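When we follow the numbering used here, the leftmost residue of the sequence shown carries the number 271, and every step to the right adds one.
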Amino acid sequence: MFFPVSKLLGFFALPSNAVMVLGLVGLALMATRFARLGRGLAVASLVLLAVLGWSPLGNALMVPLEERFPPFRDDGRPIAGIVILGGATTPDVSAARGEVVLNEAAERMTAAAALALRHPEARVIHSGGDPGFLYGEGSESVPALRLLRELGLPDERLVGEDRSRNTVENALFTKAIARPKSGERWLLVTSAYHMPRAIGVFRRAGFAVEPYPVDWRTVGPADALRPFASIGDGLRRTDTAMREWVGLLVYWLTGKSSELFPAP
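And the structure:
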């Protein structure tokens, strides 16, 4: 039940979707006796799209998320395992084209592969099933494991967790596979903006992991005041950041996360 509800909430958590729905409602009302209200809603949606797309809002929302956990500093100590969260591969396109197709979060894969090559003692678990809701997209772990093999990691080190559809399931299903022992070091590789929510969920699941943030989208606090030249770029950044903030709140309220805004 949690999965479909989270997907529905996720749709409206994206400001671009919410504003577009507002505008369409306004257009529909313009043909009724509430035409004045409809015009107001339509104008408001247009203004909001401009603000969300051109203003620095997306960066201002993203910076605190990315600044929460600092970059990992490798001290050379042994690592028992590396958990890579899905979200970097496009499984349906990969299957159709016969090639591993990566998206904007590609560093989840490339940085994790480099880390694994530096630590040949570590097991590597990629966690990502089929995230599709209305239609299947295929397991993210299939192209992910193929890429890791092509980058030089041997099969005996790789494990694919292909059932999870969200971060909560990532933590639960990966812990069942890893069966971490006391004192072992496990690193969690995911996008920097997603790390706070992921760490909170893994802590709640009782899986102690060290954050290995990658896939930075901003240069830091200086970007909080930088507007966007393209409405599309600004909307994408605002949507990505707002989805995380809403996810943090919902996961905390439903007891899926250990804290509202997890910190190191």
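Ideal placement from N, C-alpha and C gives every residue a C-beta, glycine not left out. As the structure is a prediction and not an experimental result, all values here were calculated from the model.
Look at residue 528 here: in three-state DSSP terms it is coil, with no helix or strand label. Residue 446 has its alpha-carbon roughly 13 Å from the corresponding atom of residue 438.
Residue 297 is classed as exposed because its beta carbon has fewer than 16 other beta carbons within 10 Å across all chains shown. Leaving aside the five residues that flank residue 441 on each side, the residues in its chain whose CB is nearer than 7 Å to its CB run, in chain order, 471, 472, 475 and 477.
By alpha-carbon distance to residue 346, the top candidate from 369, 314 and 391 is 391. Cβ neighbours of residue 455 within its own chain (closer than 6 Å, five residues either side excluded): 349 and 350. Straight-line spacing of the CA atoms in residue 337 and residue 343 works out to 15 Å.
Distance from the CA of residue 495 to the CA of residue 427, rounded to the nearest whole angstrom, comes to 44 Å. Pairing residue 289 with residue 315 gives a Cβ-Cβ distance under 7 Å. Straight across, the Cα-Cα distance linking residue 291 with residue 323 is about 16 Å. Under the 10 Å beta carbon count, residue 444 is surrounded by 16 or more other beta carbons and is classified as buried.
If you look at residue 452, you'll find it isn't in any alpha helix (DSSP H); DSSP assigns it neither H nor E.
Within the same chain, and ignoring the five residues on either side of residue 286 in sequence, the residues whose Cβ sits closer than 6 Å to its Cβ are 505 and 509. For residue 406, same chain residues with a beta-carbon under 7 Å away, outside a window of 5 residues either side, are 400 in chain order.
As for any beta strand (DSSP E) of minimum length 3 sitting wholly inside the segment 395 to 442, the runs are 428 to 431, ordered along the chain.
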